[in-house]
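These notes concern the structure reproduced below.
Residue numbers (our numbering): 59 to 134.
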């Protein structure tokens, strides 16, 4: 599983990355978690509001800071 966190490096973006790492660890799944801060790459996804989470190439959330539990639901 490939999980990408899209954001410009603001506090909410960093927190979503941390929450995602926790959710992956707590779920016991194998996933690659990548933080993408390049605006061109973010725009290429069609995301207009960050932070965003992309799982296996599909945007699952944009413009919201998801909790660890909310992210776990997306992983299953």
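Even glycine gets a Cβ: it sits at the ideal position worked out from N, Cα and C.
Item                                                                                                 : Value
Residue 123 in three-state terms, based on DSSP                                                      : coil
Residue 100 vs residue 132 beta-carbon contact at 9 Å                                                : no
Residue interval of the alpha helix (DSSP H) (run including residue 82)                              : 69 to 85
Pair within 9 Å by beta-carbon distance, residue 62 and residue 129                                  : no
Per-residue burial, residue 65 [other beta carbons within 10 Å of its own, 16 or more giving buried] : buried
Distance, residue 84 Cα to residue 108 Cα                                                            : 24 Å
Cβ-based neighbour list, residue 79, same chain, cut-off 8 Å, excluding 5 preceding and 5 following  : 91
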